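Some notes on the structure that comes next.
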Amino acid sequence: MLWSLFKILLFVALIVALAFGVQWLLSVSGEVLVTFNNQEYVLPPLMVVVCALALMLALWVLFKLAGLLIATLRFVNGDDTALGSYFDRNRERKGYDALSDSLIALASGEAREAAAKAQKAERYLQRPEVTTLLVAQASEAAGERDRAREAWKELVTHDRTRFVGIRGLMLQKLEEGDTDTAMKLAEKAFALKPRHVETQDTLLRLQARDENWDGARRVLTAKLKAGALPKDVYKRREAVLSLADARDQLAHGDVAKARAEILEANRLSPELVPAAVLAARAHTEAGERRRAAKVLRIARAKTPHPDLAAAFADIEPGETPTARIKRFQPFLKVAPDAPETRMLDAELHLAAEDFPGARRALGQTWETHPTTRSLSLMAAIERGEGASEAVVRGWLAKALTASRGPQWVCDNCGTVHADWLPVCTHCEAFDSLEWREVGTGVSGTATLSSEMLPLLIGPSGEAASEARVGQHGTRDADAPVDATAPRHDAEPVETLSAGSSPSAPRDEAPTTSGTSRM
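Basically our numbering = 1-based index in the sequence shown + 6.
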């Protein structure tokens, strides 16, 4: 808009300057004496200027006529393309000038002017691989999607520009949300240029979204062959595809094929937690307990995840809590300083009703890494050791506002998922979920096992109800109390239920004073 106004003002200024110039020449006194062929001519200044301009025009016409005459003589002498080349040069010059103006306008952000200049260049040059492409891009930038669509379709009809046209239509369909058509166009583009990285990524994302795991594998292999994917990343994503396919096979009842896919996924990426969990359970069902334990320890060395501990507990489901603590010792030595290891060890001692041992195992984790789970474990320990309800409520109140600890978080959009998935449910990114901690207040799923709940709520649920009261701020006097407060007689503690946590049936032993057996 400003540029157009500037051009109008410039044009008006030139007209005014020309008028003042003519007026000045008319007002200038004197004459110009011109001698030609022994003849003297007396001319006013204005006439001299007009004659000079006329002479320049005559020379330009003369040069043009000379060029045309030369082209005609060459045509007469047998050069059939001489006249055509003469006129084509003029068209090409105008066309390339329009093309240059279009590129400059597009780079300047003047999309509409760029589209107009591109159409002018198209009329002169007749080079669709250049001009039609520019028309499409300029129309897209100007928001004229219909004109851009027609230009992309025109490009599809030419061999040299077919891929560019298909890609342009594919991107349009993706922006419109028509993923089915975009998938078909991406497949055509991939067939034309299987080494094109952007097409590979787009097709892989769309196929993963539609759970077309076989097609995604072909694209992944093409990316590896094209050198667009490191070997380690390829193996990780191939493992993700195998795991996703295994889940589908399990849903359809094909256990044998699912088992093969699970083991392949674990072989390709031993640190992939969901693959390690399923592989360990497959080995356990086959009676291969040592192999199952090894699979879980390898995965735990990279990512200490609660699901790995649950799968390790399932290797010996009927053992007592004391036996379980002993069997878990090699497992706990993997990543011993991780907060997950300390919380797991504390849970094992809680299941065995060894509350002092649980406190030692948890250490200062509730202070160095305060999360919902670690603070809730402290509440369970306090209740088990006979602390007052105020102390327990204090820990629960802290747990309500603490971080939920590590969760499955999408690296692309930051969405928190309750369980691992091959594709993010929000942005549909493939293999983007990572087990890591997010900030306080982010929605997600707490990792405290359900077996700890009886330790917190007691037989009548008083602690939970009072914790809710503290959460709503209606009883300020019951604010969190220091853990060092004096202990009272223990409240009754109910038995832990069976589930996925490392807890198990307890050893039979006489009940100690002050506490009830779980």
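Using N, Cα and C, we set each Cβ at its ideal position, and we do this for glycine too. On a predicted model such as this, the values are computed, not experimentally measured, just so you know.
**Request:** Quick one: using the 10 Å Cβ neighbour count with 16 as the cut-off for buried, is A367 buried or exposed?
**Result:** By 1-based counting over the sequence shown, the position of residue 367 is 361. A367 comes out buried.
**Item:** Reference A250; option with closest CA among C57, F334, P412, G221
**Value:** Stepping through the sequence shown from its first residue, residue 250 is reached at position 244. It is G221 whose Cα lies nearest to the Cα of A250.
**Enclosing beta strand (DSSP E) for W219 [first to last residue]** = As a position in the sequence shown, residue 219 is number 213, starting the count at 1. First-last for W219: 219–231, but that is the alpha helix (DSSP H), not the beta strand (DSSP E).
**Item:** CB contact check: C57 to chain B, cutoff 9 Å
**Value:** Of the protein chains in this structure there is only one, and it is not chain B.
**Request:** Less than 8 Å between the CB atoms is what I'm expecting for V301 and A282, so what's the real figure, rounded?
**Result:** Looking up residue 301 in the sequence shown gives position 295. Looking up residue 282 in the sequence shown gives position 276. Confirmed, about 5 Å.
**Item:** CA-to-CA distance, A245 to R525, given in whole angstroms
**Value:** This structure gives no information on residue 525, because the portion of the chain shown stretches from 7 to 524.
**Asked** Between which two residues does the beta strand (DSSP E) harbouring P280 extend?
**Response** For this step, residue 280 is matched to residue 274 along the sequence shown. Element bounds for P280: not the beta strand (DSSP E) but the alpha helix (DSSP H), 279–291.
**Prompt:** Is it buried or exposed for Q206, if we count other Cβ within 10 angstroms and need 16 for buried?
**Reply:** For the purposes of this step, residue 206 is taken as the residue at position 200 of the sequence shown. Classification of Q206: buried, given that the 10 Å Cβ count is 16 or more.
**Asked** Which ranges does the alpha helix (DSSP H) cover as unbroken runs of at least 4 residues, wholly within the segment 377–416, from first to last along the chain?
**Response** Counting only runs of 4 or more, we get 378–390, 395–407.
**Nearest candidate by alpha-carbon position, reference V203, set L230, K179, M189** = Here the question's residue 203 lines up with position 197 in the sequence shown. Per the Cα distances, L230.
**Asked** By how many angstroms is the C-alpha of L139 removed from the C-alpha of R166?
**Response** Locating residue 166 in the sequence shown gives position 160, counting from the first residue. Locating residue 139 in the sequence shown gives position 133, counting from the first residue. If you take the alpha carbons of R166 and L139, they lie about 11 Å apart.
**Message:** Going by DSSP in three states, R493 sits in which element: helix, strand or coil?
**Reply:** The sequence position of residue 493 within the sequence shown is 487, counting from 1. Its pLDDT being 36, under 50, R493 is placed unreliably by the model, and the measurement read from it follows with that caveat. Three-state result, R493: coil.
**Prompt:** What three-state label does DSSP hand I14 in the structure shown?
**Reply:** In the sequence shown, counting from the first residue as 1, residue 14 sits at position 8. Residue state, collapsed to three classes: helix.
**Prompt:** Can you give the Cα-Cα distance for V415 and T421, rounded to whole angstroms?
**Reply:** Taking the sequence shown and counting its residues from 1, the one referred to as residue 415 is at position 409. Taking the sequence shown and counting its residues from 1, the one referred to as residue 421 is at position 415. Spanning the two alpha carbons is a distance of roughly 6 Å.
**Prompt:** Under 9 Å, do L402 and A385 count as touching if we go by C-beta distance?
**Reply:** For the purposes of this step, residue 402 is identified with residue 396 of the sequence shown, where counting begins at 1. For the purposes of this step, residue 385 is identified with residue 379 of the sequence shown, where counting begins at 1. Yes.
**Message:** Can you tell me whether E150 is helix, strand or coil according to DSSP?
**Reply:** Here residue 150 refers to the residue found at position 144 when the sequence shown is read from its first residue. Note: E150 maps to coil in three-state DSSP.
**Asked** I think G174 touches A122, with their Cβ atoms under 8 Å apart; what is that distance to the nearest whole Å?
**Response** The sequence position of residue 174 within the sequence shown is 168, counting from 1. The sequence position of residue 122 within the sequence shown is 116, counting from 1. With 8 Å as the limit, G174 and A122 do not qualify as a contact, their Cβ atoms being about 20 Å apart.
**Item:** Spatial distance of P236 from R168 (CA atoms)
**Value:** Working through the sequence shown from its first residue, we reach residue 236 at position 230. Working through the sequence shown from its first residue, we reach residue 168 at position 162. About 30 Å.
**Burial state of A298, where buried means 16 or more other Cβ atoms lie within 10 Å** = Locating residue 298 in the sequence shown gives position 292, counting from the first residue. It is buried - the Cβ of A298 has at least 16 other Cβ atoms within 10 Å.
**Request:** Could you tell me if D525 is buried or exposed, where buried requires 16 or more neighbouring beta carbons within 10 angstroms of its beta carbon?
**Result:** In the structure as shown, the chain starts at 7 and stops at 524, and residue 525 therefore has no counterpart that could be examined.
**Message:** Tell me which residues share the same chain as H355 and place their Cβ nearer than 6 Å to its Cβ, disregarding the 5 neighbours each side in the sequence.
**Reply:** Walking along the sequence shown from the start, residue 355 turns up at place 349. Same-chain partners within the cutoff: G363, A364, A367.
**Prompt:** Does the distance from the CB of E277 to the CB of I321 come in under 9 Å?
**Reply:** For this step, residue 277 is matched to residue 271 along the sequence shown. For this step, residue 321 is matched to residue 315 along the sequence shown. Contact flag unset, no.
**Message:** What does the alpha-carbon distance come out to for the pair R201 and R224?
**Reply:** The residue given as residue 201 occupies position 195 in the sequence shown. The residue given as residue 224 occupies position 218 in the sequence shown. When rounded, the distance between both Cα atoms is 12 Å.
**Asked** So L350 is in the alpha helix (DSSP H); what residue range does that whole segment cover?
**Response** For the purposes of this step, residue 350 is taken as the residue at position 344 of the sequence shown. For L350, the enclosing alpha helix (DSSP H) has its first and last residue at 345–357.
**Request:** Answer yes or no: do W441 and T309 have a C-beta to C-beta separation smaller than 9 Å?
**Result:** For the purposes of this step, residue 441 is identified with residue 435 of the sequence shown, where counting begins at 1. For the purposes of this step, residue 309 is identified with residue 303 of the sequence shown, where counting begins at 1. Against a cut-off of 9 Å, the Cβ pair of T309 and W441 comes out as a contact.
**Request:** Compute the Euclidean distance between the alpha carbons of A234 and L383, then round it to the nearest angstrom.
**Result:** Translated into positions along the sequence shown, residue 234 becomes position 228. Translated into positions along the sequence shown, residue 383 becomes position 377. Their Cα atoms are separated by approximately 47 Å.
**Request:** List the residues that DSSP assigns as beta-bridge partners of T41.
**Result:** For the purposes of this step, residue 41 is taken as the residue at position 35 of the sequence shown. Note: T41 sits in a beta bridge opposite E46.
**Prompt:** Beta-carbon separation of Q125 and A154 under 9 Å?
**Reply:** Locating residue 125 in the sequence shown gives position 119, where the first residue counts as 1. Locating residue 154 in the sequence shown gives position 148, where the first residue counts as 1. Against a cut-off of 9 Å, the Cβ pair of A154 and Q125 comes out as no contact.
**Prompt:** CB R379 to CB G400, shorter than 9 Å?
**Reply:** Here residue 379 refers to the residue found at position 373 of the sequence shown. Here residue 400 refers to the residue found at position 394 of the sequence shown. Their beta carbons are not under 9 Å apart, which means R379 does not touch G400 by this criterion.
**Request:** Measure the C-alpha to C-alpha separation of L406 and N218 and round it to an integer number of angstroms.
**Result:** Stepping through the sequence shown from its first residue, residue 406 is reached at position 400. Stepping through the sequence shown from its first residue, residue 218 is reached at position 212. Their Cα atoms are separated by approximately 41 Å.
**Message:** Let me confirm a value: V429 is counted as buried when at least 16 other C-beta atoms fall within 10 Å, else exposed. Which label applies?
**Reply:** Position 423 of the sequence shown, counted from the start, is the residue given in the question as residue 429. Buried, because 16 or more other Cβ atoms sit within 10 Å of the Cβ of V429.
**Item:** Opposing strand residues paired with L209 [DSSP bridges]
**Value:** Reading the sequence shown from its first residue, position 203 is the one you call residue 209. Bridge partners of L209: none, in fact.
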